[in-house]
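Q:
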Amino acid sequence: MHTVWKGAISFGLVHVPVKMFTATEDKDISMRMIHKVCIMPLNFVRKCQHCDREVEWDEIARGYEYEPGAFVLFEKDELEKLTGEITKEIKILDFVDLTEIDPVYFHKTYYLAPNETGAGAYNLLLQAMKDTGKIGIAKVSIRSKSSLAAIRIIDRCIAMETIYYPDEIRSVDQVPNLPESSSVNEKELEMAKLLINELSTPFEPEKYKDDYRAAMLEAIEQKVAGRQVTVSPEPHRANVIDLMSALQASLEAVKPVVTDKSPARPGTGGRGKTNKTADGAIAVKTAPAKAKSKTKDKAKETVSS
154 MHTVWKGAIS FGLVHVPVKM FTATEDKDIS MRMIHKVCIM PLNFVRKCQH
204 CDREVEWDEI ARGYEYEPGA FVLFEKDELE KLTGEITKEI KILDFVDLTE
254 IDPVYFHKTY YLAPNETGAG AYNLLLQAMK DTGKIGIAKV SIRSKSSLAA
304 IRIIDRCIAM ETIYYPDEIR SVDQVPNLPE SSSVNEKELE MAKLLINELS
354 TPFEPEKYKD DYRAAMLEAI EQKVAGRQVT VSPEPHRANV IDLMSALQAS
404 LEAVKPVVTD KSPARPGTGG RGKTNKTADG AIAVKTAPAK AKSKTKDKAK
454 ETVSS
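All residue numbers in the sequence shown are consecutive under my numbering, ending with 458.
1) Would you mind giving the Cβ-Cβ distance between K244 and S163, rounded to the nearest angstrom? I have them listed as a contact below 8 Å.
2) Is L331 buried or exposed, if buried means 16 or more other CB atoms sit within 10 Å of its CB?
3) Residues bridged to T315 by DSSP?
4) May I have the straight-line CA-CA distance separating T285 from K241, to the nearest angstrom?
5) If you compare alpha carbons, which of K234, F227 and A176 is closest to A266?
6) Provide the residue span of the alpha helix (DSSP H) that contains Y217, from first to last.
7) Which first and last residues belong to the alpha helix (DSSP H) in which T285 is found?
8) Alpha carbons only, please: which of M397, K283, T270 and E321 is nearest the one belonging to R309?
9) With a Cβ-Cβ cutoff of 9 Å, do M369 and I182 count as a contact?
10) Pull the bridge partners of T175 from the DSSP assignment, please.
11) List the whole-angstrom C-beta distance separating I304 from G289, where the pair is believed to meet the contact cut-off of C-beta under 8 Å.
12) Using only the alpha-carbon positions, how far apart do C201 and E212 sit?
13) Buried or exposed, going by whether 16 or more other CB atoms sit within 10 Å of the CB of L352?
14) Could you say which of S299, V377, L278 and E374 lies nearest to V167 if we only look at CA atoms?
15) Would you tell me roughly how many angstroms separate the C-alpha atoms of D326 and E333, rounded to the nearest one?
16) Buried or exposed for A302, going by 16 or more other Cβ atoms inside 10 Å?
17) Pick helix, strand or coil for F197, following the three-state DSSP scheme.
18) Decide if G271 is buried, meaning its Cβ has at least 16 other Cβ atoms within 10 Å, or exposed.
19) Which same chain residues end up closer than 6 Å to I311 when comparing Cβ atoms and leaving out the 5 residues on each side of it in sequence?
20) Quick one: using the 10 Å Cβ neighbour count with 16 as the cut-off for buried, is V171 buried or exposed?
21) Could you pull out every residue in the same chain whose Cβ sits closer than 6 Å to the Cβ of A372, ignoring the five residues on either side in sequence?
22) Quick one: is E314 buried, meaning 16 or more other Cβ sit within 10 Å of its Cβ, or exposed?
23) Whole angstroms are fine: how far does the CA of A281 sit from the CA of I316?
24) Return the residue from the list E253, F197 and K298 that minimises the CA-CA distance to W158.
25) Under 9 Å, do Y275 and V198 count as touching if we go by C-beta distance?
26) Determine, using beta carbons only, whether F227 and L235 come nearer to each other than 9 Å.
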C-alpha cells in the first residue's frame, strides 16, 4: 500500500509516530468520455476565458470569490500553514464511546501503522484503547483540509476515520415531505416487527456483493468478444397497494419450511436460522413440528391483539 501521510498521534504528552494508508479502494468501473464520430477519448483542458489559452500548473493559484467577479488568492504554502499541515499531528482531544457517534458523521477510513521508531508507543495506545473500549476524537490536517477524526481499533491495527464537523451535517428539517405525525396502525406495527425479527441476522459483510459491477464487467466482456449484451429481466413485483396485505405477503414469504430436524437457535422463539435458497428465496430451518406450532399461535395472538 502507498503511504499517504506521515506524522504522529498525540494524546497528552505522548507521541506515537505513524504512517497512514487508505483502508478502502474505489472499485467503480471507470468510463471515459468518447467522441462517437471517431471513437477517440476527449481531453479536458484548463483554459483561461480572458487569455483564450491553456494554462500551465505553475500559473494556477487557489482563490475565493468573496463577491461576484472579485477574488482573494492563496498560494499553496499559505494554505498549508493555515490548515496546520506542517505540524503533521493527529491530536486526540477526547476519548468517547463509539456508540455515541451517529454514522452520518463518518467520511473516510485510513489505517495507521507505526513508524520505524514508534512500535512501542503504538502497541501501548492500541492495547489501552482495546482494554478501555474507548475511541479517540482528534483533529488532523490532510492535503490542506482540516478534519475531525475518530481513532479506533480495527483488528490489530489503529485506524482513523475522518468525520464531518457538526455544521457540515445538514439538518433533517431541510428534507422535504417528512411526515408530521408518527402515528401508525398498531396491528401493522406488530406485523412489521415480526417481519424485522424474521429477517434479522448477524452482520456478515462478505455475503454482500456489488451486483451492478458484476453485471457491468460481464457486459464489457460481451462487447469485447463482439457479442450483443444480454440483460436478465427484472423479477416481477406484485403491485400491492394495501400496507397490511404487503406485510402479510412478506411474512408468508419467510414462513418456516422443514429442512431438517436440527434444534432451533436459542432466543429465536422456536425458529431456526434463516437462510437464502439458491434461487434467492428465504428458507428457515425450523425446530420440530410442536415447537413450530407454538410459534405460529404466538404470532397470531400478537397480530390479533
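Just so it is clear, CB atoms sit at the ideal spot from N, CA and C, and this is done for glycine as well.
A: Looking at the atomic coordinates:
1) 5 Å
2) exposed
3) K261 and A302
4) 27 Å
5) A176
6) No alpha helix (DSSP H) holds Y217; the beta strand (DSSP E) holding it covers R215 to E220.
7) A272 to T285
8) K283
9) yes
10) Y263
11) 4 Å
12) 11 Å
13) exposed
14) L278
15) 11 Å
16) buried
17) coil
18) buried
19) L265 and L279
20) buried
21) V382
22) buried
23) 22 Å
24) K298
25) no
26) yes
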